[in-house]
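Residue numbers for the sequence shown follow my numbering, so the first one is 117 and each next one is one higher. Beta carbons: idealized from backbone N, C-alpha and C, even for Gly.
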Amino acid sequence: VIAVCKSADLLLMVLDATKPWTHRDILTRELESVGMRLNKSPPNVYFRKRKTGGLSINSTIQLTQLDDKMIARILQVDMASIEEVDEIAHRPNSVPISCSMNLNMDGLLCAIWDAMALVRCYTKKVGAKPDFGDPVVMTQDRGGTTVEALCRQMWADA
117 VIAVCKSADL
127 LLMVLDATKP
137 WTHRDILTRE
147 LESVGMRLNK
157 SPPNVYFRKR
167 KTGGLSINST
177 IQLTQLDDKM
187 IARILQVDMA
197 SIEEVDEIAH
207 RPNSVPISCS
217 MNLNMDGLLC
227 AIWDAMALVR
237 CYTKKVGAKP
247 DFGDPVVMTQ
257 DRGGTTVEAL
267 CRQMWADA
């Protein structure tokens with residue numbers, strides 16, 4: 117399970133709202149003990165070319181194998197009281213939803229897109245209308261969100 121978490125771009129922690137908040141704390145401690153950076157910015161890493169050859173890698177913090185952007189907390193609204201849901205909803209990085217009542221699914225989707233900084237880019241062929249049904253999804257972490265990055269991605273896929 118840890119190997120899958122380390123290779124993921126986003127980690128969602130799905131918890132039951134009727135269980136104690138300490139379950140989240142336990143999972144958070146376990147993930148942090150194996151080097152996961154939960155709800156923290158990626159390390160500030162820069163490269164400096166050396167005159168003798170090679171690279172010198174410096175960072176402002178200890179490097180880990182994975183840079184996580186966020187852990188979103190998903191709750192079962194229908195089993196918890198309104199007061200409990202309201203309290204949890206005001207906690208950072210929490211998105212309460214109800215699968216059985218289909219509540220706040222759009223809010224969860226928006227939170228995921230925001231956390232991953234995803235951008236939709238619509239392309240078109242010369243003389244044709246844009247195809248709004250099949251966008252290219254881009255992210256800053258995987259090549260960037262510029263026109264140049266889009267061209268590189270499309271050229272690599274061809």
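Exercise for the section: Provide the residue(s) that pair with M254 in DSSP beta bridges, ordered along the chain. Expected result: DSSP lists V235 as the beta-bridge partner residues of M254.
Practice task
Please classify A244: does DSSP put it in a helix, a strand, or coil?
Solution key: coil
Practice task
Mark R236 as exposed unless 16 or more other C-beta atoms lie within 10 angstroms of its C-beta, in which case mark it buried.
Solution key: exposed
Problem - Separation of H206 from S197, as counted between CA atoms - result: 15 angstroms
Exercise for the section: Flag this pair as touching only if the region 225-234 and the region 124-142 have three or more C-beta atom pairs under 8 angstroms; answer yes or no. Expected result: By the criterion of at least three beta-carbon pairs nearer than 8 angstroms, the region 225-234 is in contact with the region 124-142.
Problem - For P136 and S214, the rounded distance between their alpha carbons - result: 18 angstroms
Exercise for the section: Excluding the 5 residues preceding and the 5 following V150 in the sequence, name in chain order all residues of the same chain whose CB lies nearer than 7 angstroms to its CB. Expected result: I118
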